[in-house]
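Residue numbers (this note's numbering), protein chains in the order written: chain E, 3 to 173; chain Z, 1496 to 1862; chain A, 213 to 871. I have placed the structure first, in the form of structure tokens, so that the comments after it can refer back to it.
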Amino acid sequence: MTIAQPTRPLPAKRRFTRKQRRLTLIAMAGAVLSLAAGLVLFAMRDTIVFFYGPTEITEKGVLPGTRMRLGGLVEAGSVQRSDGKRVTFAVTDGKTSIKVGYDGLLPDLFREGQGVVTEGVFEGAGRFKADSVLAKHDETYMPREVADTLKKQGHWQPGAAGAPAAPPAKP
Amino acid sequence: MMIWAIFAAMTGAAIFALLRPLSHGRAEGFGDTADARSLYRSQLKEIDRDLGRKLIGEDDAQAARTEAARRLLRAAGDEAGAAGETEPSLRRRRASSALMLSVVPLLALLIYGLYGSPNLPDQPLAARLEKAGPQQDFAIILARMEAHLAANPGDAKGWSLLAPIYLRQGRYDEAAKAFAAAVRFGKPDADLLAGLGEARIMEAGGVVTAAAREAFAEAVKLDPKSPRARYYLALAKEQDGDGEGAQAALAQLLSEAPADADWAGAVRARLERMQADAGRKAVAALPEAARQQAIKTMVDGLAERLSAGGGNLPEWSRLIRARTVLGDKPAALQALKTARERLADDKDALAAIDALADELALKEAAP
Amino acid sequence: MIVEIGHYALALALGVSVIQAVVPFWGVFRQDRTLASVGSSAALVSFALVALSFAALVTSYVRSDFSVGNVVANSHSAQPLIYKLTSVWGNHEGSMLLWVLILTLFGALVALSRRSLPPRLRAGALAAQGLVAVAFLAFTLLTSNPFQRLSPVPAEGQDLNPILQDLGLAIHPPLLYVGYVGFSITYAFAVAALIDGRIDAMWARAVRPWTLLAWTFLTLGIAMGSYWAYYELGWGGWWFWDPVENASFMPWLAGTALIHSTVVMEKRDALKVWTILLAILTFSLSLLGTFIVRSGVLTSVHSFATDPARGLFILLILIFFVGGSLALFAWRAPLLRQGGLFAPVSRESALVVNNVFLATACATVFVGTLYPLLLEMVTGDKISVGPPFYNATFVPVMVPLLLILPLGQSLAWKRGDLLGAAQRNAMAFGIAVLAALALLFFTRGGPVLAPLGVGLGIFLVLAAGFDLGERIMMRASGWRAMLSRARGLPRSAWGTAFAHAGIGLSIIGIAAQAWSTEAITVLKPGERLTSGRYTIVLEGMSPRSGPNFRAEVARFRVFSGDRELAPVEASKRVYTARSMPTTEAGIRTDGLSQAYVSLGEAQDGGVAVRLYDKPLILLIWIGSLVMALGGGLSLTDRRFRLAAPKRAAPTAAAPQPAE
């Protein structure tokens, strides 16, 4: 990050101090940047979550206890509610389906047969505990990940789209 | 034609505005350095003014003056290099004018030509509604009613007019809501309640739901004679498994019907069908051989009636289907052929017949 | 006919913009002032044409002209007039037209600011700006034409997405766009300076108001968007580190750095090359934001249906303008006359530190936003980067910057006195530490970082206030003298103080959210729910119908402890045209805090209800407003100091050679 450089020749003594000053500046900028880079690398290991479709969970051998995003279609007839805020439903890509448990209010546009993205922890044995169900703004919007997942499993009809992206609705 | 004149005028005005600076400009270079000098001079003045107002101290003012003066000198130094080259300026101006006269209209026409629809007039909704007479687009009238009701949601009369239209259009959900609104905002009315029930039944795909039944019960309470409510209550009985009760109710309804009631035919048809269904159930109870025979007799009866003339799509479909199910393929094909001839005028019916033939895998030798 | 005139005007504007991009450039190259002056008239004409076009589209919406496809898709005759208007930009095509309108408006403003801009710079900037206009006009006309006609004409429109039928939407996008597009002017100035090969304090002075204007509007736009998401989406969140949010936040960070670096350039004639680069990067980030929002390459909370073909077009625009300007920068920047150096302890050095930290913070957001895209291209893995990432990277970078902000604010130009600056801020720091400790004590067992954050916010607010107070009282005795000093203080000093205090207020609000609580349950009429300090009692539910929706409204009584607040209503709406449900949260403001109620599904005679206690949440947006007010105040500062160390300590009085 070159900030400013003198162009005219200067007395040797002053140039030295100027050079020093510039080096100090560069060193400081470098320090801040490398600190940030370190933070980024460190954070990358712990804070990012992967996105999988139901079939990918078995294919890629996701371990129980992994934090991840799960996306697919809400299986028709699978939504069950109990005591107000407890909801269970199945997310499917047409091939495999995963049972999702969620405590909280579902977004407005959550519907059976439509796309959904949830974030939470894979519990193993085809079960998933979601702590957020992402909402969408628009009925025709389909999150790209879900579209890709469905395409992969051959269940994608363009036009028959429909579903979510959004807000971590914390339970 | 008018619109092209407007476009031409717009284009002309735009090009004129672009050309203007070229026409009265003299060939001259940039006077940036002069600008810079005047700027720095005004800075110096401003510093003096601030000093006069005691906004800044003498030392600060001196420092600022020195810096401004230094930059003023540097700006003056730049001047030598910034002198304008002016000789072929006329040629450049001509080239620019040519560019404007060609690029602007050509690009505009190209793009507009690709995407524009110069022949379509504006169609604001208000004007369309005003024009809308009885012969006009029905949807417009509907839109007008909807707009009116959106503005006056408490207008029970409006809702009661709109609801049957929705029902006829198959927009059952909206019909139910419109009837409900008419009932809520208006006087209790058996017809509206019966309509509400009917819409709810349609919405539920023909099942007389509890909500629908409630509406009919209300309707009958208001008007014990309400034929529609009684008819559907009878259907409800049938769906509950009380076939005889349903038939009795319909028979009662028919017997009380005024001679000129237009609904009597529909009720009678339904009653007959119930009786036929009851007969079929009786047939189902017969031993296998006897049942086949009984069915065949019924189908033959139908075939005879149809071959005598008339017959609508459902009847023909029933016949073709029955023949196929009974394993009598030649007869089925014969029925198919006759049906095609009889229904030749009705494209939709023909399509339905074709679909049926496909479904039953009926192949004619020569289609 | 109006529709077609609007359409033709837009096509004509494209042609005029081509002229605006070509002829003035030629003039600058050939030192021909006549050709250069074409830029101004072209900018004015193209603004007039786009304004005509926009007016035509607005007319179609207001008159519900359903022969226009765009109106059918996004409007409904039953919509209230205000939403018919906002529908114009509540969709992709219309919002692109708004974008172009603002772009040409800025061009026209530059064209009109005859006296304050050197003509060469103005011509170059208008040409560069014309090029941007060409790209976006072509994009609008070719891929997102709002004037497509339909025949036969449908009887009714499909309504605007209900979630957008809100006053927040009326305001948010135009503000944001003024911000985004405003940076196109700084960009154009940077390109002009690079082509010209000359850059000096004049340039900085010319650019600064535009940067401030853009920054002020961007600040307002982001704050408005955040508040809109908070109350409209019904889950009480106000910031999610979502790609679309980051898309507006990155230009804001870069723009904030740019404001500070132009000050250095203006006052000390230094940091030139960096400032140019920053100006280019800021607009590049705005373009990137547009790309992210419009292409749907990144999954977002706020995504609407998107079209990949448009994404590709914007990507090409992005590559052309970013790549082109960076190449120009690499080629021409070494030729620029370098500026002066300065002492390590001085206001200018503090501003450099500010720039280093802001640029780094912006880089962390950039990485977090685009890393998922990169990873997917390279490995095919799909990941999402959420708040934990930014808490671990962005926050640690910003905290030191904010901690030393008051120091820099009270350092003098040229040669500062670190000890003196520290002393001046000691009192504010002491009070803030005491406040944080007291909070820590009273909220034992709660989140530890929240009191520290509140303390930091208090420090910033107090330091800004004290600094201002000191300037007013310095060397003045008596009220009259102080008043005249206060009046004589440059507006930019007021602006600085307000902006910095605004950040402090926002940080207090943000930190206090660690204490927010939420509760969720199924309520039947008469039952109560408590969360944090607030208790609500469900009074009853009733149906209601609006102009284009039906609603099920729940009424609640609200108590804060024993004190009853005004009741609140929350509702579920179903918009009839799309039969799309939305949740309307009920919000009761209590001082600076809010009780936030949202409804879930109705079941067994009751309804699922969620209640949040959001302490001091209003400070987040009040702080943003104060920040924007600071920007506005600076904007009104017409004075221009080349080197006037207004409050310089005696040591700084002797002028130091700049080079």
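Cβ atoms here follow ideal geometry from the backbone N, Cα and C, with glycine treated the same way. Being a predicted model, the structure only gives us computed values, none of them experimental.
Buried or exposed: which applies to residue 1820(Z), given that a residue is buried once 16 or more other Cβ atoms fall within 10 Å of its Cβ? On the second sequence, residue 1820(Z) is found 325 positions in, with the first residue counted as 1. Residue environment for residue 1820(Z): exposed (fewer than 16 other C-beta atoms within 10 angstroms of its C-beta).
Look at residue 788(A) and residue 762(A) and say whether their C-beta atoms are less than 8 Å apart. As a working note, residue 788(A) is residue 576 in the third sequence. As a working note, residue 762(A) is residue 550 in the third sequence. With contacts defined as CB atoms closer than 8 Å, residue 788(A) and residue 762(A) qualify as a contacting pair.
Between which residues of its own chain and residue 669(A) is the CB-CB distance below 7 Å, once the five residues before and five after are set aside? Your numbering for residue 669(A) matches position 457 in the third sequence. Excluding residues within five positions, the ones whose Cβ falls inside 7 Å are 716, 717, 719, 720, 723.
Beta-ladder partner(s) of residue 787(A), from DSSP: Position 575 of the third sequence holds residue 787(A). Note: residue 787(A) sits in a beta bridge opposite 761(A), 792(A).
What number of angstroms, rounded off, separates the C-alpha of residue 1774(Z) from the C-alpha of residue 1761(Z)? The sequence position of residue 1774(Z) within the second sequence is 279, counting from 1. The sequence position of residue 1761(Z) within the second sequence is 266, counting from 1. Cα to Cα, the separation comes out at about 20 Å.
For residue 634(A), which residues of its own chain have a beta-carbon under 8 Å away from its beta-carbon, when the five flanking residues on both sides are left out? What you label residue 634(A) is simply residue 422 of the third sequence in a count that begins at 1. Correct list, in chain order: 619.
Helix, strand or coil, according to DSSP, for residue 753(A) in the structure here? One-based indexing of the third sequence puts residue 753(A) at position 541. In the structure shown, the three-state DSSP call for residue 753(A) is strand.
Any beta carbon of chain Z sitting closer than 8 Å to that of residue 703(A)? Working through the third sequence from its first residue, we reach residue 703(A) at position 491. It does not; no Cβ of chain Z falls within 8 Å.
Rounded C-alpha distance that separates residue 792(A) from residue 1653(Z): Locating residue 792(A) in the third sequence gives position 580, where the first residue counts as 1. Locating residue 1653(Z) in the second sequence gives position 158, where the first residue counts as 1. For residue 792(A) and residue 1653(Z), the gap between their C-alpha atoms comes out near 24 Å.
Run the CB neighbour count on residue 316(A), radius 10 Å, all protein chains shown included, and call it buried at 16 or more, exposed below. Within the third sequence, numbered from 1, the residue matching residue 316(A) stands at position 104. Residue 316(A) should be labelled buried.
Would you kindly check if the distance between the Cβ of residue 1680(Z) and the Cβ of residue 1691(Z) is under 8 Å? As a first step, residue 1691(Z) is located in the second sequence; it is residue number 196 there, counting from the start. As a first step, residue 1680(Z) is located in the second sequence; it is residue number 185 there, counting from the start. No; because the gap between Cβ atoms is not below 8 Å, this pair is not in contact.
State yes or no: is the beta carbon of residue 220(A) nearer than 8 Å to at least one beta carbon in chain Z? Residue numbering aside, residue 220(A) sits at position 8 when the third sequence is read from its first letter. Using a CB distance cut-off of 8 Å, residue 220(A) counts as an interface residue toward chain Z.
Using a Cβ-Cβ cut-off of 8 Å, state whether residue 1864(Z) counts as contacting chain A. Chain Z is shown only over 1496 to 1862; residue 1864(Z) falls outside these bounds and no answer can be derived.
Classification of residue 47(E) by the beta-carbon crowding that lies within 10 angstroms, buried from 16 upward: Locating residue 47(E) in the first sequence gives position 45, where the first residue counts as 1. Around the beta carbon of residue 47(E), fewer than 16 other beta carbons lie within 10 angstroms, which makes this residue exposed.
Helix, strand or coil at residue 745(A) [DSSP, three-state]: The residue labelled residue 745(A) in the question sits at position 533 within the third sequence. Secondary structure at residue 745(A): coil, using DSSP grouped into helix, strand and coil.
Closer than 8 Å, CB to CB, is residue 1595(Z) near chain A or not? Here the question's residue 1595(Z) lines up with position 100 in the second sequence. Output row for residue 1595(Z): interface = yes.
Mind checking whether residue 44(E) and residue 604(A) have CB atoms under 8 Å apart? Position 42 of the first sequence, counted from the first residue, corresponds to residue 44(E). Position 392 of the third sequence, counted from the first residue, corresponds to residue 604(A). Taking the C-beta atoms as reference points, residue 604(A) is found nearer than 8 Å to residue 44(E).
Which residues in chain E have a C-beta closer than 9 Å to the C-beta of residue 245(A)? List them in chain order. As a position in the third sequence, residue 245(A) is number 33, starting the count at 1. Identification of chain E residues near residue 245(A) by a Cβ-Cβ cut-off of 9 Å yields none; the smallest Cβ-Cβ distance measures about 30 Å.
The region 1640-1647 of chain Z contacting the region 279-294 of chain A, beta-carbon criterion three pairs below 8 Å: Three or more Cβ pairs drawn from the region 1640-1647 of chain Z and the region 279-294 of chain A lie within less than 8 Å of each other, which places the two stretches in contact.
Any C-beta of chain A under 8 Å from that of residue 1802(Z): In the second sequence, residue 1802(Z) corresponds to position 307, counting from 1. No, residue 1802(Z) lies away from the interface with chain A (no Cβ there is under 8 Å from its Cβ).
I want to see whether chain A comes within less than 8 Å of residue 1678(Z), judged by CB atoms only; does it? Translated into the one-based positions of the second sequence, residue 1678(Z) becomes position 183. Contact of residue 1678(Z) with chain A is not assigned, every C-beta pair being separated by 8 Å or more.
Mind listing the chain A neighbours of residue 38(E)? Cutoff is C-beta to C-beta under 7 Å, in chain order. To locate residue 38(E), count along the first sequence from 1; it is residue 36. By Cβ distance, chain A contributes 572, 575, 576, 605, 609.
First and last residue of the uninterrupted beta strand (DSSP E) at residue 75(E): The residue labelled residue 75(E) in the question sits at position 73 within the first sequence. Note, residue 75(E): beta strand (DSSP E), 69-76.
Distance between residue 1593(Z) and residue 1508(Z) (C-alpha atoms, nearest Å): Position 13 of the second sequence, counted from the start, is the residue given in the question as residue 1508(Z). Position 98 of the second sequence, counted from the start, is the residue given in the question as residue 1593(Z). Distance between the alpha carbons of residue 1508(Z) and residue 1593(Z): 16 Å.
Tell me the DSSP bridge mates of residue 807(A)? Here residue 807(A) is taken as the residue at index 595 of the third sequence, counted from 1. Paired residue(s): 800(A), 825(A).
Just tell me which of 448(A), 826(A), 677(A), 390(A) has its CA closest to the CA of residue 312(A). By one-based count along the third sequence, residue 312(A) stands at place 100. That would be 390(A), whose Cα lies nearest to the Cα of residue 312(A).
Give a yes or no on whether 8 Å exceeds the smallest Cβ distance from residue 800(A) to chain Z. Counted from its first residue, the third sequence places residue 800(A) at position 588. Not one chain Z Cβ lies under 8 Å of residue 800(A).
Cα separation between residue 356(A) and residue 483(A)? As a first step, residue 356(A) must be located in the third sequence, where it is residue number 144. As a first step, residue 483(A) must be located in the third sequence, where it is residue number 271. Approximately 40 Å, taken between the alpha carbons.
Check whether the Cβ atoms of residue 107(E) and residue 798(A) sit closer than 8 Å, and answer yes or no. For the purposes of this step, residue 107(E) is identified with residue 105 of the first sequence, where counting begins at 1. For the purposes of this step, residue 798(A) is identified with residue 586 of the third sequence, where counting begins at 1. Taking 8 Å as the cut-off, the Cβ atoms of residue 107(E) and residue 798(A) do not count as close.
On the CB-based measure, 16 or more other CB atoms within 10 Å of its CB, does residue 1753(Z) come out buried or exposed? Walking along the second sequence from the start, residue 1753(Z) turns up at place 258. Per the 10 Å Cβ criterion, exposed.
Hey, would you say residue 134(E) sits closer than 8 Å to residue 120(E), going by beta carbons? The sequence position of residue 134(E) within the first sequence is 132, counting from 1. The sequence position of residue 120(E) within the first sequence is 118, counting from 1. Residue 120(E) sits close to residue 134(E), with the two beta carbons spaced by under 8 Å.
So the candidates are 815(A), 220(A), 606(A), 368(A); which of them puts its Cα closest to the Cα of residue 1611(Z)? Locating residue 1611(Z) in the second sequence gives position 116, counting from the first residue. Of the candidates 815(A), 220(A), 606(A), 368(A), the one whose C-alpha sits nearest the C-alpha of residue 1611(Z) is 220(A).
Same chain, Cβ closer than 6 Å to residue 852(A), five either side skipped, listed in chain order: Translated into positions along the third sequence, residue 852(A) becomes position 640. Because residue 852(A) carries a pLDDT of 42, less than 50, the predicted location of this residue cannot be relied on, and the following value inherits that uncertainty. Apart from the 5 residues on each side of it in sequence, residue 852(A) sits with its Cβ closer than 6 Å to the Cβ of 417 in its chain, given in chain order.
Residue 1615(Z) versus residue 250(A) - alpha carbon distance: One-based indexing of the second sequence puts residue 1615(Z) at position 120. One-based indexing of the third sequence puts residue 250(A) at position 38. If I take the Cα positions, the gap works out to 35 Å.
Given a cut-off of 8 Å on the beta-carbon distance, is the pair residue 1808(Z) and residue 1797(Z) in contact? The sequence position of residue 1808(Z) within the second sequence is 313, counting from 1. The sequence position of residue 1797(Z) within the second sequence is 302, counting from 1. Contact: no.
Name the chain A residues that come within less than 9 Å of residue 35(E), Cβ to Cβ? For the purposes of this step, residue 35(E) is taken as residue 33 along the first sequence, with counting starting at 1. Within 9 Å Cβ-Cβ: 568, 571, 572, 575.
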